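Residue numbers (the working numbering), protein chains in the order written: chain D, 1 to 115; chain U, 116 to 251.
Worksheet for the structure shown next.
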Amino acid sequence: MSTRKTSEPFWWGLFSVGGVVAAFLVPVHLFIHGLAVPLGWIAFPHARMLALVGQPLVKVYLFVLIALPLYHWAHRFRFVLEDLGLHALRAPIAVGCYGSAVAGTVGTLWVLLRL
Amino acid sequence: MSAPPAPRPGLYYPKMPATWWLRRPAYLRFMLREVSSVFIAIFLAVLMVQVYRAGQGPEAYAAFLERLASPGWIAFHAVALGFALYHSVTWLKLTAVVQVVRLGEHQVPPRLVAAGAFAFWGILSLAILFAVLLRS
Chain D
1 MSTRKTSEPF
11 WWGLFSVGGV
21 VAAFLVPVHL
31 FIHGLAVPLG
41 WIAFPHARML
51 ALVGQPLVKV
61 YLFVLIALPL
71 YHWAHRFRFV
81 LEDLGLHALR
91 APIAVGCYGS
101 AVAGTVGTLW
111 VLLRL
Chain U
116 MSAPPAPRPG
126 LYYPKMPATW
136 WLRRPAYLRF
146 MLREVSSVFI
156 AIFLAVLMVQ
166 VYRAGQGPEA
176 YAAFLERLAS
186 PGWIAFHAVA
196 LGFALYHSVT
206 WLKLTAVVQV
216 VRLGEHQVPP
226 RLVAAGAFAF
236 WGILSLAILF
246 AVLLRS
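Dropping the structure here:
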């Protein structure tokens, strides 16, 4: 067993929290925003959307909903790639996956804060 | 999902064909569960763009919704919903196994913990759905 200190527990914690958020909140939002609204089952006019995302609490909610599951994806996708045999690329894969999640977090903050 | 240690000389890495996960239904289910995160992440990125487009004005928002109504995106979101549900079911089942809940001296049976998690998920989802429906 390796006794070296790694950042693994930190990323695993984010993975776990993101997994909980994704499990409880993503299916219903996927149904609403991915299917029901585009298909016209639920009306979601622009004025209402803008009024909603203008509220600080909704911004916090959207941040949690969007940003945290990205770390869940990063962790899983990283090990999917490794499990497919890309052991040699372990470091760049980890940097790429977690880096994308961090970039997504910054992007989400930027989108929400400028509204 | 345990991580192999960093590649160092002298460590053994089993040579597996890249298609090992097609060999058994359990392996395939594992891979589908892991891949569900990709569909969830894409949906969240789309949602982020949707919020961004809303900030650009009514026309940009309407144009974006129109694009989401195209058959390709509807098909994607239908598949993604299946994966999202699969993630929820597997995650909540696993949570009940990992999370030991005690009441005094007794451990609450994992099945009961799972039932509670599923009930909470259902109630929360319905509440969000009704909140959106009632105010639309």
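Using N, Cα and C, we set each Cβ at its ideal position, and we do this for glycine too.
Remember, it's a predicted structure, so these values are computed and weren't measured experimentally.
From D:V17 to D:S7, what does the alpha carbon distance come to, in whole angstroms?
To locate residue 17 of chain D, count along the first sequence from 1; it is residue 17. To locate residue 7 of chain D, count along the first sequence from 1; it is residue 7. Taking the straight line from one Cα to the other gives about 16 Å.
Looking at chain D, is there any beta carbon in it that lies within less than 9 Å of the beta carbon of U:V216?
Locating residue 216 of chain U in the second sequence gives position 101, counting from the first residue. No, no contact with chain D.
So, D:F24 versus U:F235, is the Cβ gap smaller than 9 Å?
Indexing the first sequence from 1 puts residue 24 of chain D at position 24. Indexing the second sequence from 1 puts residue 235 of chain U at position 120. Result yes, Cβ atoms of D:F24 and U:F235 sit closer than 9 Å.
Is the distance from the Cβ of U:V150 to the Cβ of U:F198 below 9 Å?
Locating residue 150 of chain U in the second sequence gives position 35, counting from the first residue. Locating residue 198 of chain U in the second sequence gives position 83, counting from the first residue. A contact, by the Cβ cut-off of 9 Å.
Quick one: is D:M49 buried, meaning 16 or more other Cβ sit within 10 Å of its Cβ, or exposed?
Numbered from 1 along the first sequence, position 49 holds the residue referred to as residue 49 of chain D. Buried, because 16 or more other Cβ atoms sit within 10 Å of the Cβ of D:M49.
Among D:H29, D:R76, D:L70, whose alpha-carbon lies nearest the alpha-carbon of D:G107?
Residue numbering aside, residue 107 of chain D sits at position 107 when the first sequence is read from its first letter. The shortest Cα separation from D:G107 among D:H29, D:R76, D:L70 belongs to D:L70.
Any chance the region 147 to 162 of chain U sits against the region 73 to 82 of chain D, with 3 or more Cβ pairs inside 8 Å?
Touching, yes.
When the Cα of D:P38 is compared with those of U:L162, U:I157, U:A156, U:F145, which residue comes out closest?
Counting from one through the first sequence, the residue named residue 38 of chain D turns up at place 38. Closest by alpha carbon: U:L162.
Identify, in the order they occur along the chain, each residue of the same chain with its Cβ nearer than 8 Å to the Cβ of D:L112, setting aside the five sequence neighbours on each side.
Taking the first residue of the first sequence as position 1, residue 112 of chain D is located at position 112. Within the same chain, D:L112 has close Cβ partners V53, K59, L62, F63.
If we count the other Cβ atoms within 10 Å of its Cβ and call it buried at 16 or more, is D:P27 buried or exposed?
The residue you call residue 27 of chain D lines up with position 27 of the first sequence. Classification for D:P27: buried.
Run the CB neighbour count on U:I155, radius 10 Å, all protein chains shown included, and call it buried at 16 or more, exposed below.
Counted from its first residue, the second sequence places residue 155 of chain U at position 40. The residue is buried, with at least 16 neighbouring Cβ atoms inside 10 Å.
Under three-state DSSP, which class holds D:L84?
As a working mapping, residue 84 of chain D is identified with position 84 in the first sequence. Coil.
Helix or strand or just coil, what does DSSP make of U:L183?
Here residue 183 of chain U refers to the residue found at position 68 when the second sequence is read from its first residue. Correct three-state label for U:L183: helix.
Identify whether U:L162 lies in helix, strand or coil by the three-state DSSP scheme.
Numbered from 1 along the second sequence, position 47 holds the residue referred to as residue 162 of chain U. In this structure, U:L162 counts as helix in the three-state DSSP scheme.
Between U:I168 and U:F179, what straight-line distance do the alpha-carbon atoms span, to the nearest angstrom?
Start at 1 with the first residue of the second sequence, and residue 168 of chain U comes out as number 53. Start at 1 with the first residue of the second sequence, and residue 179 of chain U comes out as number 64. The residue you asked about is not Ile; residue 168 of chain U is Arg in the sequence shown. Using only the alpha carbons, I get a separation of about 7 Å.
Are there 16 or more other CB atoms within 10 angstroms of the CB of U:V166, so buried, or fewer, so exposed?
Mapped onto the second sequence, residue 166 of chain U falls at position 51. When all chains shown are included, U:V166 counts as buried.
From D:F31 to D:R4, what distance separates their C-alpha atoms?
Mapped onto the first sequence, residue 31 of chain D falls at position 31. Mapped onto the first sequence, residue 4 of chain D falls at position 4. Using only the alpha carbons, I get a separation of about 44 Å.
Would you list the residues sitting across from U:Q222 in a DSSP beta bridge?
If you number the second sequence from 1, residue 222 of chain U lands on position 107. Partner(s): U:R217.
How close, in whole Å, do the beta carbons of D:L68 and D:V102 come, if the pair is a contact with beta carbons under 8 Å?
To locate residue 68 of chain D, count along the first sequence from 1; it is residue 68. To locate residue 102 of chain D, count along the first sequence from 1; it is residue 102. Incorrect: roughly 12 Å between the Cβ atoms, too far for contact.
Can U:F158 and D:G34 be called in contact, C-beta distance under 9 Å?
What you label residue 158 of chain U is simply residue 43 of the second sequence in a count that begins at 1. What you label residue 34 of chain D is simply residue 34 of the first sequence in a count that begins at 1. Result yes, Cβ atoms of U:F158 and D:G34 sit closer than 9 Å.
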